[in-house]
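Peer 1: Here UniProt numbering is used: position 132 in the sequence shown is 132, and no number is missing along the way.
Below are the structure tokens for one structure; questions will follow.
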Amino acid sequence: MTALLELSGITKTLKGQQAPRTILDGVDLTVDSGESVAILGRSGSGKSTLLSLIGLFDRPDSGRYLLGGRDISRVAERRAAGLRSAEFGFVFQRFFLLKHLTAAQNVAMALVNGQGWLPRRKRRARTLAALDQVGIAHLAKHRPARLSGGEQQRVAVARALVREPRLLLADEPTGALDTETGNLVIEVMRAATDRGCGLILVTHDWDHANKMQRVLRLSDGTLNPAIDTRGTPPQPEPEPDVAPAPVSGTESDGTGGPPSADRAGRGDAGLDGMFW
Ligand SMILES: Nc1ncnc2c1ncn2[C@@H]1O[C@H](COP(=O)(O)OP(=O)(O)OP(=O)(O)O)[C@@H](O)[C@H]1O
1 MTALLELSGI TKTLKGQQAP RTILDGVDLT VDSGESVAIL GRSGSGKSTL
51 LSLIGLFDRP DSGRYLLGGR DISRVAERRA AGLRSAEFGF VFQRFFLLKH
101 LTAAQNVAMA LVNGQGWLPR RKRRARTLAA LDQVGIAHLA KHRPARLSGG
151 EQQRVAVARA LVREPRLLLA DEPTGALDTE TGNLVIEVMR AATDRGCGLI
201 LVTHDWDHAN KMQRVLRLSD GTLNPAIDTR GTPPQPEPEP DVAPAPVSGT
251 ESDGTGGPPS ADRAGRGDAG LDGMFW
């Protein structure tokens with residue numbers, strides 16, 4: 001079966017004001033349809049850089065990127081923009097909702113921008129289905145100012161899902177949420193994988209990572225299986241009259257737990273007409 005996504009030997013060197021630094025140094029990653037993968041790693045290890053390459057906001061220096069078997073390692077920006085809107089859904093730590101639009105209008109915007117004008121009836125049906133998928137169809141007419149952080153992020157997830165992407169890319173989507181709300185958001189994204197959508201979640205939170213099928217760690221520019229050492233009991237003190245047993249090295253991944261003019265009120269009849 002062809003993998004949804006296949007990265008092999010991906011490298012990326014970033015040249016800022018300081019000396020060039022190789023952030024990705026031979027990343028290999030395969031994700032199948034309906035599979036969920038968490039990526040952990042220290043701050044600055046390159047997780048967002050990797051996600052931006054996968055989401056075609058940038059290109060690797062070398063290596064191969066196959067999407068559904070097609071080589072898109074060197075794809076031109078025009079085609080990349082088309083692939084971004086057709087194939088990917090994005091969720092970020094910040095919600096990026098338009099304040100003067102309702103939840104439904106924010107979601108419907110993704111259909112307008114990505115696929116031209118769908119007939120109004122279809123637009124409405126797909127928007128409500130996406131809001132329903134994340135459990136907030138009853139909040140369709142609320143503007144962001146009237147929604148909690150978790151509800152706003154669920155609107156953002158609905159906006160990412162409404163075009164039925166093949167792959168959902170989430171960069172610390174729970175970073176601004178409390179634990180309980182974060183769990184809810186992770187669950188609605190994970191549920192999308194039951195319908196065949198792939199999911200790559202960048203997170204600092206082991207509990208969220210453990211809800212994914214695979215947990216990887218990005219360090220020294222490569223991806224490897226991550227080991228959750230949080231539950232590892234402390235080494236017992238050796239008995240004084242017994243020779244100390246050799247201590248086996250317990251790998252630590254350094255991410256052992258969480259680290260760290262609103263126009264609402266304005267008459268929106270025109271906008272309603274536009275997006276409904
Ligand atoms: N445009 C750029 N030019 C030069 N260096 C950059 C650029 N963007 C990011 N970096 C550096 O690349 C490294 C990786 O950044 P990146 O944002 O991918 O890390 P991260 O693992 O996502 O970090 P965090 O967990 O803090 O979000 C960091 O050291 C960052 O300072």
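Just so it is clear, CB atoms sit at the ideal spot from N, CA and C, and this is done for glycine as well.
Computed from a predicted model, the values in this text were never measured in an experiment.
Please classify E6: does DSSP put it in a helix, a strand, or coil?
Peer 2: Of the three classes helix, strand and coil, the one that applies to E6 here is strand, per DSSP.
Peer 1: Where do the N-terminal and C-terminal ends of the beta strand (DSSP E) with I23 fall, by residue?
Peer 2: Where I23 is concerned, the enclosing beta strand (DSSP E) stretches over R21 to V31.
Peer 1: Hey, out of A38, V107, L83 and L201, whose CA is closest to F57's CA?
Peer 2: Ranking A38, V107, L83 and L201 by Cα distance to F57 puts L83 first.
Peer 1: When you compare the stretch 95-113 with the stretch 72-82, are there three or more beta-carbon pairs, one atom per stretch, that lie closer than 8 Å?
Peer 2: Contact between the stretch 95-113 and the stretch 72-82 is absent, because fewer than three Cβ pairs lie under 8 Å.
Peer 1: If I measure Cβ to Cβ from M109 and keep anything under 8 Å in the same chain, skipping five residues before and after, which residues do I get?
Peer 2: Answer for M109: L98, L101, R159 and F275, listed in chain order.
Peer 1: Count the other CB atoms within 10 Å of the CB of E180; is the residue buried (16 or more) or exposed (fewer)?
Peer 2: Result: exposed.
Peer 1: Using DSSP bridges, identify the partner residues of G135.
Peer 2: G135 is not bridged to any residue.
Peer 1: Report yes if the C-beta distance between G46 and G221 is below 8 Å; otherwise report no.
Peer 2: Cβ atoms of G46 and G221: closer than 8 Å.
Peer 1: Grab me the residues of M1's own chain with a C-beta within less than 8 Å of its C-beta, minus the 5 sequence neighbours each way, in chain order.
Peer 2: Closer than 8 Å at the Cβ level, and outside the excluded window around M1, lie D32.
Peer 1: For E251, does the three-state DSSP call read helix, strand or coil?
Peer 2: Annotation note: pLDDT 38 at E251 (below 50); position unreliable, coordinate value reported separately. Of the three classes helix, strand and coil, the one that applies to E251 here is coil, per DSSP.
Peer 1: Can you grab the Cα-Cα spacing for the pair G63 / L201, in whole Å?
Peer 2: Going from the Cα of G63 to the Cα of L201 covers about 22 Å.
Peer 1: Check for me: the alpha helix (DSSP H) holding V155 runs from which residue to which?
Peer 2: Residues G149 to L161.
Peer 1: Since T222 is in the beta strand (DSSP E), which residue starts that stretch and which ends it?
Peer 2: Looking at the DSSP string, the run of the beta strand (DSSP E) that includes T222 is T222 to P225.
Peer 1: By DSSP, does I72 sit in helix, in strand, or in coil?
Peer 2: I72: coil per DSSP, three-state reduction.
Peer 1: Ligand 1 heavy atoms versus the CB of K141: any closer than 7 Å?
Peer 2: No.
Peer 1: Name the residue from S43, V134, H138 and R70 whose alpha carbon lies nearest to the alpha carbon of Q23.
Peer 2: Checking the displayed sequence, the identity of residue 23 turns out to be Ile instead of Gln. The shortest C-alpha separation from I23 is found at S43.
Peer 1: When you compare each of D207, M212 and H204 to D194 by their alpha carbons, which one comes out closest?
Peer 2: It is M212.
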